[in-house]
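UniProt numbering numbers the first residue of the sequence shown as 1 and each following residue consecutively.
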Amino acid sequence: MWYHKEEKNTVGILLEYGIAHGDELLTLKYGEHEEYVCKFLTSYESDNIADVENSGAAYNEFIVVAYSVVATVVPGEHFAQGDGGIEVAYLDMPSMVSDSRGRIIYPRALVGSGDGSAAG
């Protein structure tokens, strides 16, 4: 179940891949100046601030996909040493995610543009 229509084509792609290929190392890139090698950990529903009511305008529930960071290629704002991992949600997606063979997993518009193969 998705809380937002955007989730299916964003975190939904990453969650589906993570479940099917849990031991695969992925490269998460945020633009040209931030890059990490990660491994899928889990997914969960977001936590809202304690004083935000379920019916309030500030309430926003969404799915989060969590990764452990195996290596920092180019450090940036999405991961600080000691944090343990990166949380990905539809609100702040990496610009590109690829597997250890260089196949693009996300965004789908680029799938197959790397080595001619599709993710999966």
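Every residue gets a Cβ at the ideal spot worked out from N, C-alpha and C, and that includes glycine.
**OP:** Just mark residue 102 as buried or exposed, buried being the case when its beta carbon has 16 or more other beta carbons within 10 Å.
**Re:** For the purposes of this step, residue 102 is identified with residue 102 of the sequence shown, where counting begins at 1. Exposed.
**OP:** Using three-state DSSP, classify residue 29 as helix, strand or coil.
**Re:** The sequence position of residue 29 within the sequence shown is 29, counting from 1. Residue 29 carries a strand assignment under DSSP once its states are collapsed to helix, strand and coil.
**OP:** With residue 15 as the anchor, note down where its alpha helix (DSSP H) starts and where it stops.
**Re:** To locate residue 15, count along the sequence shown from 1; it is residue 15. Residue 15 -> alpha helix (DSSP H) spans 11 to 20.
**OP:** Just tell me which of 19, 75 and 29 has its CA closest to the CA of residue 93.
**Re:** The residue labelled residue 93 in the question sits at position 93 within the sequence shown. Of all alpha-carbon atoms in 19, 75 and 29, the one lying nearest the alpha-carbon of residue 93 is that of 29.
Original post:
When the distance is taken between beta carbons, is residue 27 closer than 8 Å to residue 98?
Top reply: Within the sequence shown, residue 98 is the residue found at index 98, counting from 1. Within the sequence shown, residue 27 is the residue found at index 27, counting from 1. With contacts defined by Cβ atoms closer than 8 Å, residue 98 and residue 27 form a contacting pair.
Original post:
Touching or not, the region 63 to 71 and the region 31 to 45, by the rule of three or more beta carbon pairs under 8 Å?
Top reply: Look at the beta carbons and you see the region 63 to 71 touching the region 31 to 45: at least three pairs across the two are nearer than 8 Å.
**OP:** Would you please state the rounded distance, in angstroms, between the beta carbons of residue 100 and residue 25? I believe it to be under 8 Å.
**Re:** Within the sequence shown, numbered from 1, the residue matching residue 100 stands at position 100. Within the sequence shown, numbered from 1, the residue matching residue 25 stands at position 25. Correct: roughly 5 Å between the Cβ atoms.
**OP:** Compute the Euclidean distance between the alpha carbons of residue 104 and residue 37, then round it to the nearest angstrom.
**Re:** Here residue 104 is taken as the residue at index 104 of the sequence shown, counted from 1. Here residue 37 is taken as the residue at index 37 of the sequence shown, counted from 1. Roughly 14 Å separates the two Cα atoms.
Original post:
To which residues of the same chain is residue 8 closer than 6 Å at the C-beta, ignoring the five residues directly before and after it?
Top reply: Working through the sequence shown from its first residue, we reach residue 8 at position 8. 2, listed in sequence order.
**OP:** Assign residue 35 to one of three DSSP states: helix, strand, or coil.
**Re:** For this step, residue 35 is matched to residue 35 along the sequence shown. Residue 35 falls in the strand class under three-state DSSP.
**OP:** Specify, as a first and last residue, the run of the beta strand (DSSP E) that residue 68 falls within.
**Re:** For the purposes of this step, residue 68 is identified with residue 68 of the sequence shown, where counting begins at 1. First-last of the beta strand (DSSP E) with residue 68: 63 to 74.
Original post:
Alpha carbon to alpha carbon, how far is residue 6 from residue 70?
Top reply: By 1-based counting over the sequence shown, the position of residue 6 is 6. By 1-based counting over the sequence shown, the position of residue 70 is 70. Their Cα atoms are separated by approximately 28 Å.
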